[in-house]
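Below is one structure; the comments refer to it alone.
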Amino acid sequence: MSEAVLHDDHHDHKPTGIGRWLFSTNHKDIGTMYLVFALIMFFVGGAMSMVIRAELFQPGMQYVDPQFYNSMVTVHALVMIFGALMPAGVGLANWMIPMMIGAPDMALPRMNNMSFWILPFAFTLLLSTFFMQGGAPAGGWTMYPPLVLQLGDGLPYLVFAVHFLGVSSIMGAINIIATVFNMRAPGMTFMRLPLFVWAWIITAFLLIAAMPVLAGGVTMLLTDKFFGTAFFDAAGGGDPVMFQHIFWFFGHPEVYILVLPAFGVISQIIPTFARKPLFGYTSMVYATASIAFLSFFVWAHHMFTVGMPLTGELFFMYATMSIAVPTGVKIFNWMATMWKGSMTFETPMLFAIGVLFMFSLGGFSGLMMGITPVDFQYHDTYFIVAHFHYVIVPGIIFGLMGGIYFWLPKWTGNMYDEKLGKLHFWSSTISVNILFFPMHFIGLAGMPRRIPDYSVQFADWNAIISLGGFAFGLSQLILVWVVIKCVRGGEKATDQVWEGAHGLEWTLPSPPPFHTFTTPPEVTDATAHS
Amino acid sequence: MSVDKLKQIVLGVTTVSLFLMSGTALADYMNVLNLTEGVTPTSKMVYDLHMLILYIVTVIGILVFSVMCWSIYHHRKSKGAVAEQFHHSTAAEITWTVIPILILVLMAIPATKALVFMEQTGDAEMTIKVTGIQWKWKYDYLDEGISFVSTLSQDSNDARQVGSGIDPNTIENYLLDVDNRVVLPIKTKIRILTTAADVIHDWWVPALGWKRDAIPGFINDNWTYIEEPGIYRGNCAELCGRDHGFMPIVVEAVSKDEYAVWVEEQKSMQLAAAAGADKEWTKEELLAKGAEVYTTNCAVCHMAEGQGMEGLFPALDSSAIVNGPASEMIMQVLNGKNMMPAWKDLLNDTDIGAVVTFARNSWGNTVKDVVQPSDVKAMR
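Chains as they are written, first to last, in the numbering used here: chain A, 511 to 1040; chain B, 126 to 505.
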């Protein structure tokens, strides 16, 4: 194989100029573009959350109109979910899946190019609504009618942006499935796939099943607004709650679309730094698949307060509680992987352990909210804001950031600055808890979510939360500095990079040549991941 | 370990962490930490369930995190740990699948009981209907024929304007006070129907122990049984547009006797208001009344000076409709248009006549005529 690599190296002529990126069919370049795009969107969405936290720093309205505040809440969520988290996951998949399964590239390289380049257009549509009559979407990222239909000229832009994002995601998902099913190296059986690849296959099927449902739902919003239909208008025989069922039939699997790639990253990092094989590989695969399967049967726990019949409430309560079982299995497997290992705590491992602790906190509050009668109190308060931010920020985002630190030396050929990486981890961890933990308290004490102003008993906690928020926002600049510094130079990374790293991607040079595995490697039990 | 002991420990840990944050006003923070126990059988049941699950997850959390911390401390390379290479244990995997299932079943039993209890909406002694409207609540006492609209109190509303310069700390019950409270009798099973006129709202008073969406075109039924007299405050809990944060709820629970007195008062007030429609009003009376009605009901969208909001709410100042024929303006006020609600259900003839007169005589509007409440009554 080394001969093949050298051969590649010799003819490692990349296209030059802007054309290299615009017309790219190379999985590594497209992966880089996805990751850079996600990072930019992370800061765009983050800037909006800074506006939110500035307004909430004190009681009273200081800076923005309530309508603009609602736009900030709405677009912050849309940008973070569709612009930062999902593209970051796809970026990691693009970079790593071909190198992990011994494929020369993605199965459908031109489609790969298209699914990336749709994104900037979709977000141009979405963000342009800020300059339109009636402003940007302000009805929440969940787009519930009839409220969302009160939006001015921005509505069709919102709907078409969602359509574009859906098309992009579905094409990305098809590509990943086609790649893994058809382009595995000889000997790379399904049960030898790295867990990250497994997580992504399952995510890809979730995307294909869920995104068209969302597209259908928002299309019905469009026809209700412009073509006189009444899908969601009771006066015309429709039902506003039907939209919520459609939305959350997409929306709950979407949670796992976001989280499974991060879980996949964790499953790569922990064995590496524990210097010990992943515990319970088979049960990990089955647990991931059953989480994904169950995610289609729990959607209505997002809408317990709409007034469902008792039997419906009971069904969705039991189904929701049952998801705790496979999720617990995953956490326990990661713990067992660490158990009696020989651990070191480089930045990727710190982020992975951070996920174990803080994602679990989000899991606990999730279990509490799954209990329907109690959810009647928790619903639409800051308690749920605390819950899903614990899942998303120190859960998913920490997982993805761990992945970035883990693979950055492989991508750039240089080690990142470990001191700065650790500083990034610790400042993020401390500030994220100051930011989100007190939200549990104010939520339980009765502060509703999505309000621009609050009664004064919540003032002290909100000030603390805002300070945590500003500190977390600033901490993320460290990440940018680490990445830039690492791309520009640093201590040269070895091929294996990490002492405990196993798998095909670590047999390639760091950085890998433009084309890798043009001759497929042979995979045996000894060289496989697990 | 007894539950009481555990309570002490949890309380102790919380207190210490609070102390780190601030040595002062500890009592204030303690009020803003946990769910309210509330004043109904439902809310108490929900509170107990909440605490039970909180204790369960706290214990699980402590156990799991302790194991992780122990492992992180002891199984590290710097302490000379050598990695074992096991990667499978059927017994362990069965254990950590079965034990969580058992815990979940234990949690599901009281949860199911509570849910079944909460859904028993029958046998109510009285019924009120709550209608969410952007951004106020309308209450109809279906048995007594009383109905009124409840909006954010004026001092909160003044203070919450962007750059008002008024310190919210100086306002009593800032954002949690209204002009008309919902008065309810204690020790009575009350059925509360929720619905909405425009978008989805959510009626939530934490002390009652639940919240329920108010959905246009649908009616949800709920019930409550308030055990103690008092004033209980809440908010709209479902994002419903620009002023979602400014439509509070205030329930005043009183004894059955006091409630009967209040009902009689309300009935005579409504009769008096209806009589107002038949009398001839002077322009000054109408302008004074209209200014009041405008501030309470209209200024939230059309703004204090009738200037509206670009792209969202049309201006009334120099508007073609306000300066057009009175009958067309009255029709629009009565029936609403787009986001504007149909005011015929919310305001009486006197209020509508007064506010129409007020708008036609204010700002840059030029018609300056008088619309009598009887004109409005005739057009209903």
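Even for Gly, the Cβ is constructed at its ideal location relative to N, Cα and C.
Worksheet item: Between A/Leu989 and the rest of its own chain, which residues show a CB-CB distance below 6 Å, the 5 nearest in sequence each way excluded?
Response: Counting from one through the first sequence, the residue named residue 989 of chain A turns up at place 479. Residues His934 of the same chain have their beta carbon placed closer than 6 Å to that of A/Leu989, with the five preceding and five following residues left out of the count.
Item to complete: Quick one: using the 10 Å Cβ neighbour count with 16 as the cut-off for buried, is B/His213 buried or exposed?
Response: Position 88 of the second sequence, counting from 1, holds the residue named residue 213 of chain B. So B/His213 ends up on the exposed side.
Worksheet item: Apart from the five residues on each side of it in sequence, which residues of its chain come closer than 6 Å, Cβ to Cβ, to B/Val324?
Response: Here residue 324 of chain B refers to the residue found at position 199 when the second sequence is read from its first residue. Excluding sequence positions up to five before and after B/Val324, its CB lies within less than 6 Å of the CB of Cys365, all in the same chain and listed in chain order.
Worksheet entry | Contacts of B/Asn282 in chain A (Cβ-Cβ under 8 Å) | Against the second sequence, residue 282 of chain B aligns to sequence position 157. Here the premise fails: no neighbours, minimum Cβ distance about 11 Å.
Worksheet item: Given a limit of 7 Å on CB to CB distance, which residues of the stretch 416-437 of chain B reach chain A?
Response: Gly436 and Leu437
Worksheet item: Whose Cβ in chain A lies nearer than 7 Å to the Cβ of B/Trp221?
Response: Taking the second sequence and counting its residues from 1, one reaches residue 221 of chain B at position 96. Simply Gly838, Val839 and Phe842.
Discussion item. For chain B, check one thing: does any of its Cβ atoms lie closer than 8 Å to the Cβ of A/Arg530?
Written reply: In the first sequence, counting from the first residue as 1, residue 530 of chain A sits at position 20. Interface flag for A/Arg530 against chain B is unset, since no Cβ pair is found closer than 8 Å.
Discussion item. Using beta carbons (cut-off 8 Å, strictly below), is A/Glu823 in contact with chain B?
Written reply: Residue 823 of chain A sits at position 313 when you count from the first residue of the first sequence. It does: the Cβ of A/Glu823 has a partner Cβ on chain B nearer than 8 Å.
Worksheet item: chain B beta carbons: is any one of them nearer than 8 Å to that of A/Arg702?
Response: Position 192 of the first sequence, counting from 1, holds the residue named residue 702 of chain A. For A/Arg702, the answer is no, since every Cβ of chain B falls outside 8 Å of its Cβ.
Worksheet item: Is the distance from the Cβ of A/Ala709 to the Cβ of A/Leu770 below 8 Å?
Response: The residue you call residue 709 of chain A lines up with position 199 of the first sequence. The residue you call residue 770 of chain A lines up with position 260 of the first sequence. It is a contact, given that the beta carbons lie within the stated cut-off.
Discussion item. Can you check whether the C-beta of A/His812 is within less than 8 Å of a C-beta belonging to chain B?
Written reply: Locating residue 812 of chain A in the first sequence gives position 302, where the first residue counts as 1. Under the Cβ criterion of 8 Å, A/His812 is not counted among the residues facing chain B.
Worksheet entry | Local conformation of B/Ala400 per DSSP, three classes | Within the second sequence, residue 400 of chain B is the residue found at index 275, counting from 1. Three-state result, B/Ala400: helix.
Discussion item. Taking the straight line between their C-alpha atoms, what separation do you get for A/Val515 and A/Val865?
Written reply: Residue 515 of chain A sits at position 5 when you count from the first residue of the first sequence. Residue 865 of chain A sits at position 355 when you count from the first residue of the first sequence. Residue confidence for A/Val515 is low, a pLDDT of 46 falling below 50, so the modelled location carries little weight; the figure read from the coordinates is stated next. Their Cα atoms are separated by approximately 36 Å.
Worksheet item: Which residues in the same chain as A/Gly1000 place their Cβ atom closer than 6 Å to its Cβ, once the five residues preceding and following it in sequence are excluded?
Response: As a first step, residue 1000 of chain A is located in the first sequence; it is residue number 490 there, counting from the start. Cβ neighbours of A/Gly1000 beyond the five flanking positions: Asn924 and Met925.
Worksheet item: When we look at the beta-carbon of B/Ile507 and count the other beta-carbons within 10 Å, is it buried (16 or more) or exposed?
Response: Examination of residue 507 of chain B is not possible in this model, given that chain B is present from 126 through 505 alone.
Worksheet item: Is it the case that the Cβ atoms of A/Gly612 and A/Phe908 are separated by a distance below 8 Å?
Response: Position 102 of the first sequence, counting from 1, holds the residue named residue 612 of chain A. Position 398 of the first sequence, counting from 1, holds the residue named residue 908 of chain A. Taking 8 Å as the Cβ cut-off, A/Gly612 and A/Phe908 do not qualify as a contacting pair.
Fill in: Residue span of the beta strand (DSSP E) that contains B/Phe483, given as start and end
What you label residue 483 of chain B is simply residue 358 of the second sequence in a count that begins at 1. Unbroken run through B/Phe483 is the alpha helix (DSSP H), Asp474 to Arg485; no beta strand (DSSP E).
Worksheet entry | Contact set between A/Gly978 and chain B, taken where Cβ atoms lie within less than 8 Å | The count along the first sequence starts at 1 and reaches residue 978 of chain A at position 468. Near A/Gly978 there are no residues of chain B at all, since even the closest Cβ is about 12 Å away, more than 8 Å.
Discussion item. One question on the structure: do B/Arg337 and A/Gly817 come within less than 8 Å of each other, judged by their Cβ atoms?
Written reply: Within the second sequence, numbered from 1, the residue matching residue 337 of chain B stands at position 212. Within the first sequence, numbered from 1, the residue matching residue 817 of chain A stands at position 307. Yes; because the gap between Cβ atoms is below 8 Å, this pair is in contact.
Worksheet item: Start and end of the alpha helix (DSSP H) containing A/Ala834?
Response: In the first sequence, counting from the first residue as 1, residue 834 of chain A sits at position 324. A/Ala834 -> alpha helix (DSSP H) spans Ala834 to Met848.
Fill in: Distance, B/Val230 Cα to A/Ser470 Cα
Since the first residue of chain A shown is 511 and the last is 1040, residue 470 of chain A is not available in this structure.
Practice prompt. Could you confirm whether any beta carbon from chain A is found closer than 8 Å to the beta carbon of B/Ile311?
Written response: The sequence position of residue 311 of chain B within the second sequence is 186, counting from 1. By this cut-off, B/Ile311 is not an interface position.
Worksheet item: Going along chain A in order, which residues have a C-beta closer than 8 Å to the C-beta of B/Ile477?
Response: Working through the second sequence from its first residue, we reach residue 477 of chain B at position 352. In chain order: nothing, as chain A lies at least about 23 Å away.
Fill in: Contacting positions in the stretch 185-200 of chain B - beta carbon closer than 8 Å to chain A
Ile185, Gly186, Val189, Phe190, Val192, Met193, Ser196, Ile197 and His200
Discussion item. Please state the DSSP three-state secondary structure of B/Arg505.
Written reply: Residue numbering aside, residue 505 of chain B sits at position 380 when the second sequence is read from its first letter. Per DSSP, reduced to three states, the secondary structure at B/Arg505 is coil, with no helix or strand assignment.
Discussion item. Could you tell me the alpha carbon to alpha carbon distance between B/Ala399 and A/Phe592, rounded to whole angstroms?
Written reply: On the second sequence, residue 399 of chain B is found 274 positions in, with the first residue counted as 1. On the first sequence, residue 592 of chain A is found 82 positions in, with the first residue counted as 1. Whole-angstrom Cα-Cα distance: 55 Å.
Worksheet item: Considering only residues of the same chain and omitting the five flanking positions on each side of A/Thr830, which have a CB-CB separation below 7 Å?
Response: Within the first sequence, residue 830 of chain A is the residue found at index 320, counting from 1. For A/Thr830, where only same-chain residues beyond five positions count, the Cβ hits under 7 Å are Val808, His811 and Gly880.
Worksheet item: Whose C-beta lies closer than 8 Å to the C-beta of A/Tyr573 among residues of the same chain, with five residues either side of it excluded?
Response: Within the first sequence, the letter at position 63 stands for residue 573 of chain A. If we look at A/Tyr573 and ignore the five residues flanking it on each side, its Cβ neighbours are Val561, Ala564 and Glu565.
Discussion item. Taking a contact to mean a Cβ-Cβ separation below 8 Å, would you say B/Ser275 touches B/Lys254 in this structure?
Written reply: If you number the second sequence from 1, residue 275 of chain B lands on position 150. If you number the second sequence from 1, residue 254 of chain B lands on position 129. B/Lys254 sits away from B/Ser275, with the two beta carbons spaced by 8 Å or more.
Worksheet item: Along chain A, in chain order, which residues have C-beta atoms closer than 7 Å to that of B/Pro439?
Response: Here residue 439 of chain B refers to the residue found at position 314 when the second sequence is read from its first residue. One finds nothing in chain A with a Cβ atom closer than 7 Å to the Cβ of B/Pro439; even the nearest lies about 12 Å away.
Worksheet item: Tell me the DSSP bridge mates of A/Ile780?
Response: Taking the first residue of the first sequence as position 1, residue 780 of chain A is located at position 270. In DSSP, A/Ile780 forms no bridge with anything.
Worksheet entry | Inter-residue Cα distance where the pair is B/His175 and A/Met878 | As a working mapping, residue 175 of chain B is identified with position 50 in the second sequence. As a working mapping, residue 878 of chain A is identified with position 368 in the first sequence. The alpha-carbon atoms of B/His175 and A/Met878 are separated by roughly 7 Å.
Discussion item. Is the beta carbon of A/Pro696 closer than 8 Å to that of A/Val1033?
Written reply: Here the question's residue 1033 of chain A lines up with position 523 in the first sequence. Here the question's residue 696 of chain A lines up with position 186 in the first sequence. The answer is yes: Cβ separation under 8 Å.
Discussion item. Does the CB of A/His889 have a neighbour CB from chain B at under 8 Å?
Written reply: Position 379 of the first sequence, counted from the first residue, corresponds to residue 889 of chain A. It does: the Cβ of A/His889 has a partner Cβ on chain B nearer than 8 Å.
Worksheet item: Closer than 7 Å, Cβ to any Cβ of chain B: which residues of the stretch 929-953 of chain A, in chain order?
Response: Phe951 and Ile952
Discussion item. Does the beta-carbon of A/Thr542, which I'm using as the reference point, lie nearer than 7 Å to any heavy atom of the ligand MG?
Written reply: As presented, the structure is devoid of all ligands, the ligand MG included, so that no description of it is given.
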